[in-house]
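Take a look at the structure below.
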Amino acid sequence: MSGLAEAPKAPITKIDRVTIVSLGIIAVILLAGIVLKNSAMLIFGLLMALMVTGMPISIALGLTVLTFMFFMTDVDPQTVALKLFTGIEKFEIMAIPFFILAGNFLTHGGVARRMINFATSMVGHWHGGLGLAGVVACALFAAVSGSSPATVVAIGSIILPAMVRQGFPKRFGAGVITTSGALGILIPPSIVMVIYAVATSGMNVTGPNGERVSSASVGDLFIAGVVPGLMLASLLGLVTWYRAWKGNYPRMRRAGWGERLTAFRKAFWGLALIVIVMGGIYSGKFTPTEAAAMSAVYAFVISVFVYRDLSLSQIPKVLLDSANMSAMLLYIITNAVLFSFLMTSENIPQQMTTWMVGQGLNWFTFLLIVNVLLLLAGNVMEPSSIVLIMAPILFPMAARLGIDPIHFGILIVVNMEVGMCHPPVGLNLYVASGITKMGITELTVAVWPWLLAMLCFLALVTYVPWISLVLPRALGM
Amino acid sequence: MLKILDRLEEILIASLMAAATLLIFVAVAHRYGATVPFLYPYLAPINLGWAQELCIYMFVWMAKFGAAYGVRTGIHVGVDVILNRLPDAIKHKVVTFGLLAGAFFTGIVGTLGTNFVYHMAQTEQVSADLEIPSWIVYLAIPLGSYLMCFRFLQVAWTFWRTRELPHHDHGHVEGLEDETAPLKPAGASR
């Protein structure tokens, strides 16, 4: 899924049926768009046609906008150049590079190892042993990092080899960590939540009775993610416990309270980051972006000076990697802003909303369609691109049906988590396969029990708004 | 010559990243430091209201040049589900098309940006807080885009000669190797 190519195992000589059918569908949409002069079909047909060539999604978005504007409208192309700069001229967006930097320091800096030790000392003696500790460690790490693959790398690369040494089946460990790592984007902080907030911010949308609906802020979403995050962590833990109990997998010796206290003290500096980020944002001491910058500086200090697991000479490499990843995301965001500018100027979200209301769709069926659509999109794209393209279109419809913007955001994030854990493009799978040296097909089988639990949880989050809204409401947001 | 450009690009984006982080840290520390009575006389006269704006500009510059660096490292993701199902000969043509389309898009944006900056340089427009001329700030668009265009052409040229693309490895983590020596995460199989 990264870059443009992956060497196929056996040489392919013929074009198979799936390819022909998918290309055919795209061609039909494009033709229909041209014949019917329907700009929505034309834009999406063009976008899909460009995307299947495997060019970067950001470029496909940008080219769609340029082509459409050049041929179909008389908007000055000069506005494109301006939008490319002003698209990311918001302080909110800058939380993304800061969280990426903080995450990279934490992954390299020994925080993960201490969190695993702490988690093991607490739950290692139950059924599931290290596996259960892996779920807890992922949840803890997710509370300081905003990315799922980073969580899989940080926790998985330490705990998976240890599990194999203890006699767990490789599949079991890989399944636990691949799915638990997905907690990274649900438990705040979360890069995907920042992207959702950015993609929907400033949109002029109305509710069912014509009142204005304001979009969800980064802070709201972070607070709202806590309850669903803890619930999903417990659910994954339960599945792990049950499977380990049935398979009679090894358990750890029960740690004494003294050992637990020592483990806690060692992990304390990492755990304190949770308080800084969440406490800082909630108490209003920091904006989310400032909290992200603080956590980057803090993570740097504890990795280099407190834990001393990262030497100063490694810093430039960490900075460069973070800059590389952030620039990629910011570039997609710029082009996605351009794309949603085109959608708005063509009135597409409004048209679709009117059409949907005309069809008599209620919120129940709408959410079902949204979930299926996003799960399908999760088969071909990674989360940030999906959210950036889909959220500006779906959000006005959701608001019109009276769905809370915060609830809608959490639903999208949980949906994205599922997409990260199944092929063909689930990033967590690829990362786990890199650590365990297992093939993607074998891993896909390995994650099934947990993925099924996740899908049930997705249904629950979709139809029980209370789960997402209880904490923000209790805190008066 | 190319080596120097590569190094400059890397140094620029890494230092922008570090500088922006420190800047926001200092600005926040300053805001809370100024509430301490003992430090107040020293900190109050310093105005850091421009910090946010500078941070945004730094990150925009980082994003533009980092995107060019990203082409070189192959981090820009695309949809390759269909691509991987194609026979090699067709696949190579499609990949080349994708790379050239990237060069085409960034080239156009660079040209639009140059035009835009040129017109802006004729005006007296300055940025809100820092009061630096706007055209200098917006210079990131043409410079970054042309560099990105160049990188796309470079990658296309290498691909045409060697049939190889740069590709980014999300599974690889340094600094963990020594702890997990027997089973180190040498990278995703991509």
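Quick mapping for you: the protein sequence lines, in order, are chains A and B.
All residue numbers in the first sequence are consecutive under this note's numbering, ending with 477.
All residue numbers in the second sequence are consecutive under this note's numbering, ending with 1190.
Note that the Cβ used here is the ideal one computed from N, Cα and C, for glycine as well.
Residue 1073/B has a beta carbon lying within less than 8 Å of a beta carbon in chain A. Counting only runs that start and end inside the segment 314–395 of chain A, the alpha helix (DSSP H) elements of at least 4 residues fall at 315–345, 348–358, 363–377. Taking all protein chains in view, the Cβ of residue 16/A is surrounded by fewer than 16 other Cβ atoms within 10 Å, so the residue is classified as exposed.
Scanning its chain for C-beta atoms nearer than 6 Å, with the 5 sequence neighbours on each side dropped, one finds around residue 143/A the residues 187, 274, in chain order.
Here the segment 1143–1150 of chain B lies against the segment 1094–1111 of chain B, with 3 or more beta-carbon pairs under 8 Å apart. Contacts with chain A at 8 Å (Cβ-Cβ) include residue 1085/B. Between the segment 278–298 of chain A and the segment 89–100 of chain A there are three or more inter-stretch CB-CB distances shorter than 8 Å, so the stretches are counted as touching. In the DSSP assignment, residue 1163/B falls outside any alpha helix (DSSP H) and carries neither an H nor an E. Annotated three-state conformation of residue 279/A is helix, per DSSP.
Among the residues facing chain B, residue 372/A is not included, as its CB has no counterpart in that chain under 8 Å away. Between the segment 432–439 of chain A and the segment 220–232 of chain A there are fewer than three C-beta pairs closer than 8 Å, too few to call the two in contact.
One thing to note: residue 200/A has its Cβ no nearer than 8 Å to the Cβ of residue 383/A. The alpha-carbon separation between residue 115/A and residue 399/A amounts to approximately 40 Å. Within 8 Å of the CB of residue 89/A, the CB atoms of chain B belong to 1056, 1060, in sequence order along the chain. Taking all protein chains shown into account, residue 234/A has fewer than 16 neighbouring C-beta atoms within 10 Å of its C-beta and is therefore exposed. What residue 1052/B touches in chain A, judged by beta-carbon distance under 7 Å, is 91, going in chain order.
Note on residue 281/A: 16 or more other CB atoms within 10 angstroms of its CB, so buried under the neighbour-count rule. Close CB contacts of residue 259/A within its chain, under the 6 Å cut and outside five residues either way in sequence, are with 121 (chain order). Non-local C-beta neighbours of residue 332/A in its own chain, meaning closer than 7 Å and more than five positions away in sequence, comprise 57, 58, 384, 385, 388, ordered along the chain. For residue 327/A and residue 1068/B, the gap between their C-alpha atoms comes out near 9 Å.
Taking CB atoms only, residue 252/A has no neighbour in chain B less than 8 Å away.
The beta-carbon separation of residue 184/A and residue 151/A, rounded to 4 Å, stays under the 8 Å limit for a contact. Comparing C-alpha distances from residue 455/A to each of 473/A, 276/A, 420/A, 362/A shows the shortest one belongs to 420/A. Against residue 1010/B, the close residues of chain A are 320, in the order they occur along the chain (beta-carbon pairs closer than 7 Å). Each residue's CA atom was taken as its position, placing residue 271/A and residue 65/A some 45 Å apart.
Of the residues assessed, residue 1119/B falls on the exposed side of the cut-off, its CB having fewer than 16 other CB atoms within 10 angstroms. Residue 142/A has a beta carbon lying at 8 Å or more from every beta carbon in chain B. Taking residue 1027/B as the centre and dropping the five residues before and after it, the same chain places the C-beta of 1048, 1051 closer than 7 Å to its C-beta, in chain order. For the segment 393–415 of chain A, the set of positions with a beta-carbon nearer than 7 Å to some beta-carbon of chain B is empty.
Nearest neighbour of residue 335/A by Cα position, chosen from 1133/B, 1063/B, 1019/B, turns out to be 1063/B. Listed as beta-bridge partners of residue 1133/B by DSSP are 1126/B.
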